[in-house]
Amino acid sequence: MNASNFVEGVDFSMYLILSISVFFLVGITVVMIYFLFRYSKKNNPVATNIPHNTYLEIVWTVIPTILVLIMFWYGWTGYRPMLTAPDDAMEIDAIGQMWKWTFKYPDGKTVDSLVIPLDKPVKLNLISKDVLHSLFIPAFRVKQDVVPGKDYMMWFTGQKLGTYDILCAEYCGQLHSYMLSTVSVVEQDDFDSWLVSSPDTSNEHVGLTLLKNNACLSCHTRDGSRLVGPSFKDLIGRNETIIKDGEKLDIVVDKQYIINKIKNPKISGVDGYQSGLMTSYEDILSDEDIDNIIEYISTLK
Ligand SMILES: [Cu+2]
């Protein structure tokens, strides 16, 4: 059984086009080498002038036309079913942001890696929070751009139990290659119990869970090392230079500064870091969430 319902159509047209191409590559090369000897000056001292050959010209027009149409036909029939998802498909939001995939199920369950039931069509609504991404599941033979402000979707049916890679296939900045995830195809029963289970975050600080779920840790570390953004370690009370309205300003980081930064990151930049990468979390995090984040950050010493 193939990993998804699209493997057969995509692979067939791939192998068809590849075989036709290999056939002509080898065929033309062989004929070319043969002609090189057969019509060399030694073997064929007097050249024949052939002005026209209607029969040959019809043959080399009609045959390639048919071949191209065959390639088109199988390419199209492999691709067309991808354009319309079945009505009974389970809809999941797939959210791309620098540099993390997040998947949100109809009941609100939000996870980093996709889990889907065997033999059930799944439709992913592709949403980008910032720049162009592209959701690519090689084993399923599906790939679709994720464009901010546009409603794109992809659908598929997982037909073989297993775990398959998910990648971002559109260069989206420095840590593009970190946008890895997986899709696990499981039995319906296992899916049902997985869906109602909640991940074990009981002994994790709420603030840390929030940092993980909102991709903050793709850009900020907890151990003092520099990533795309400044580390959260020793952040509160840190003396630093920020850039506001084109001017440098020395500040001491406090709670209010962090709140402003999370709600409206573009209001100021941090000296030595590229600004404009962080997007606003004003509509995503509640004031309570932000309090929890700050409380957690203040423990990072
Ligand atoms: Cu990306």
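When you read off a place in the sequence shown, starting at 1, and then add 104, the result is the number in my numbering.
Note that the Cβ used here is the ideal one computed from N, Cα and C, for glycine as well.
- Query: CB-CB under 7 Å to Gln-278, same chain, minus the five flanking residues each way: which ones, in chain order?
  - Reply: Within the same chain, Gln-278 has close Cβ partners Val-332.
- If Ile-347 sits next to Ser-372, beta carbons under 8 Å apart, how far is it from one beta carbon to the other, in whole angstroms? With 8 Å as the limit, Ile-347 and Ser-372 qualify as a contact, their Cβ atoms being about 6 Å apart.
- In chain order, each beta strand (DSSP E) run of at least 3 residues that lies wholly inside the stretch 212-275: Correct list: 218-221, 225-232, 237-241, 246-250, 256-261 and 266-272.
- Item | Extent of the continuous beta strand (DSSP E) run through Val-150 | For Val-150, no beta strand (DSSP E) run applies, since DSSP gives it neither H nor E.
- DSSP on Val-135, reduced to helix/strand/coil? The three-state reading of DSSP puts Val-135 in helix, counting H, G and I together.
- Item | Given 8 Å, three or more beta-carbon pairs between the stretch 313-333 and the stretch 343-360 | With fewer than three CB-CB distances shorter than 8 Å, the stretch 313-333 does not count as touching the stretch 343-360.
- Task: Would you kindly check if the distance between the Cβ of Asp-354 and the Cβ of Thr-345 is under 8 Å?
- Result: Yes.
- Task: Count the other CB atoms, across all protein chains shown, that sit within 10 Å of the CB of Met-105; report buried if there are 16 or more and exposed otherwise.
- Result: Exposed is the label assigned to Met-105, since fewer than 16 other Cβ atoms lie within 10 Å of its Cβ.
- Query: Just to check, is the beta-carbon of Gly-200 closer than 7 Å to a non-hydrogen atom of ligand 1?
  - Reply: Yes; taking the cut-off as 7 Å, the Cβ of Gly-200 has a heavy atom of ligand 1 nearer than that.
- Query: Looking at the unbroken beta strand (DSSP E) that takes in Ile-397, where does it start and where does it end?
  - Reply: Taken as a continuous stretch (DSSP letters only), Ile-397 belongs to no beta strand (DSSP E), being part of the alpha helix (DSSP H) at 391-401.
- Query: Residues in its own chain within less than 6 Å of Phe-295 by CB, not counting five upstream and five downstream?
  - Reply: The residues Pro-221, in chain order, have a CB closer than 6 Å to that of Phe-295 in the same chain once the five nearest residues on each side in sequence are set aside.
- Query: Which residue's Cα is closest to the Cα of Met-186: Pro-149, His-237, Leu-120 and Leu-228?
  - Reply: The shortest Cα separation from Met-186 among Pro-149, His-237, Leu-120 and Leu-228 belongs to Leu-228.
- Message: Lys-367 and Glu-386 - do their beta-carbons sit closer together than 8 Å?
- Response: Note that the C-beta distance between Glu-386 and Lys-367 is below 8 Å.
- Task: Could you check what DSSP says for Val-287 in three-state terms: helix, strand or coil?
- Result: The DSSP-derived three-state label of Val-287 is strand.
- Whole-angstrom distance between Leu-236 and Ile-201, CA atom to CA atom: Looking at the sequence itself, residue 201 is Gln, so the reference to Ile does not match. Taking the straight line joining both Cα atoms gives about 9 Å.
- Exercise answer, beta-carbon shell around ligand 1 heavy atoms below 5 Å: In chain order, the qualifying residues are His-237, Cys-272, Cys-276 and Met-283.
- Query: Between which two residues does the alpha helix (DSSP H) carrying Ile-170 extend?
  - Reply: Here the alpha helix (DSSP H) through Ile-170 covers 158-183.
- Query: Per DSSP, what kind of secondary structure is Gly-311 in: helix, strand or coil?
  - Reply: When DSSP states are grouped into helix, strand and coil, Gly-311 belongs to the helix group.
- Name the residue from Tyr-377, Leu-271 and Leu-404 whose alpha carbon lies nearest to the alpha carbon of His-445. Outside the modelled stretch of the chain, which goes from 105 to 405, sits residue 445, for which no answer is possible.
- Item | Identity of the residues DSSP links to Val-374 by a beta bridge | Residue pairing of Val-374 in beta bridges, as defined by DSSP: Ile-346.
- For Asp-192, which option in Ser-335, Gly-113, Pro-225 and Phe-139 has the closest C-alpha, if you only look at C-alpha atoms? For the options Ser-335, Gly-113, Pro-225 and Phe-139, the alpha carbon positioned closest to that of Asp-192 is the one of Pro-225.
- Item | Under 8 Å between C-beta atoms of Ala-107 and Phe-207 | Not closer than 8 Å, so no.
- Query: Should Lys-370 be labelled buried (16 or more other beta-carbon atoms within 10 Å of its own) or exposed?
  - Reply: Exposed, since its Cβ has fewer than 16 Cβ neighbours within 10 Å.
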